[in-house]
Amino acid sequence: MKIATWNVNSVRARHDRLLAWLAAHRPDVLCCQELKVTDEAFVEEVFPAGELAAAGYHAVTHGQKTYNGVAILARTEPTGVARGMDDGVADPQARAIAADVAGVRIVNAYVPNGQSVGSDKWDYKLAWLARLGDWLARSADPSDKLIVCGDFNIAPRDCDVAHPDAWAESVLCHPDARAALAKLLAWGLVDVLAEHHPAGGVYSWWDYRRMAFQRHDGLRLDLLLATAPLAGKCTAADVDRDQRKGTKDDKPSDHAPVIATLDV
DNA sequence: ATGGTTGCTTAGCAA
Numbered sequence: 069m070k071i072a073t074w075n076v077n078s079v080r081a082r083h084d085r086l087l088a089w090l091a092a093h094r095p096d097v098l099c100c101q102e103l104k105v106t107d108e109a110f111v112e113e114v115f116p117a118g119e120l121a122a123a124g125y126h127a128v129t130h131g132q133k134t135y136n137g138v139a140i141l142a143r144t145e146p147t148g149v150a151r152g153m154d155d156g157v158a159d160p161q162a163r164a165i166a167a168d169v170a171g172v173r174i175v176n177a178y179v180p181n182g183q184s185v186g187s188d189k190w191d192y193k194l195a196w197l198a199r200l201g202d203w204l205a206r207s208a209d210p211s212d213k214l215i216v217c218g219d220f221n222i223a224p225r226d227c228d229v230a231h232p233d234a235w236a237e238s239v240l241c242h243p244d245a246r247a248a249l250a251k252l253l254a255w256g257l258v259d260v261l262a263e264h265h266p267a268g269g270v271y272s273w274w275d276y277r278r279m280a281f282q283r284h285d286g287l288r289l290d291l292l293l294a295t296a297p298l299a300g301k302c303t304a305a306d307v308d309r310d311q312r313k314g315t316k317d318d319k320p321s322d323h324a325p326v327i328a329t330l331d332v
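Per the numbering used here, the first sequence starts with residue 69, numbered consecutively.
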């Protein structure tokens, strides 16, 4: 199984690039974040007339207008679809979707950014991560074939940040955010890209501003986390930096896809 | 310290 996660930063703006990427890489599963469209617009406006099906993909979405929105695209039909975390919290932000694809449970998460440490959005980020952990503990087991992936808006280690000192106190690197991620991993998940690149220096997000990509000033915020039965069968994990290249005329997302190959 | 850019929506928010 080839599985990828990609924050597309508007699926409408990334329509052409997304279809071209699917055609070139043919992942079995692609988890997208920041769709910025409703479920209705995804089907009727972004990919009308069965455009995705013609490309060989099923799609299940949990979208909203303007902000957030997540999708699981797969070459076989996803089943057991869950939108949101089913925990009774009235969360207006569409940031989580899960489904079974080819015998693997896929959880696609768009973790809140948090804006600034101490803000209301920061509190929401930490609470959201705690809810994600509760949801996993309630609905899955570390012995399951499970992937939790997405944009975590957390760089796990200093070696996942080009300039760690500059970001140390940011919402992306703050010890409380890293502790929340560590708690998820301790439940029974392995960061498969970190396993394949222990020295770090592999990034998945570069700010649009200040020529960050050209200056190699990035962070690894997009993660593929696998339970032990799957992590042991991961043969490759990489970032497709090519998708972040080019000028604004090429309309790259500010994130690049992270891809893993699992021998299942 | 501030602002730099992109996307959605059309002045301002979120990232």
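Heads up, the beta-carbon is just placed ideally off N, CA and C, and yes, glycines get one too.
Quiz item: Three-state secondary structure (DSSP) at residue 213?
Solution: coil
Quiz item: Would the beta-carbon of residue 271 fall within 8 Å of that of residue 288?
Solution: yes
Quiz prompt | Top-ranked residue by Cα proximity to residue 107, from 274, 322, 79, 248 | solution = 79
Practice problem: Give a yes or no on whether the C-beta atoms belonging to residue 293 and residue 258 are separated by under 8 Å. | Solution: yes
Practice problem: Mark residue 92 as exposed unless 16 or more other C-beta atoms lie within 10 angstroms of its C-beta, in which case mark it buried. | Solution: exposed
Self-check item: Range of the contiguous beta strand (DSSP E) that encloses residue 307
Solution: 302 to 307
Quiz item: Alpha carbon to alpha carbon, how far is residue 208 from residue 71?
Solution: 20 Å
Exercise. Compute the minimum distance between the beta carbon of residue 252 and the heavy atoms of the ligand PLP, and state whether it is under 7 Å.
Key: This structure lacks the ligand PLP; in fact it carries no ligand of any kind.
Quiz item: Taking all protein chains shown into account, do 16 or more other C-beta atoms lie within 10 angstroms of the C-beta of residue 315, making it buried, or fewer, making it exposed?
Solution: exposed
Quiz item: By the 10 Å Cβ neighbour count, where 16 or more other Cβ atoms means buried, how is residue 321 classified, buried or exposed?
Solution: buried
Quiz item: What are the boundary residues of the alpha helix (DSSP H) that includes residue 148?
Solution: Where residue 148 is concerned, there is no enclosing alpha helix (DSSP H), although the beta strand (DSSP E) it sits in stretches over 147 to 151.
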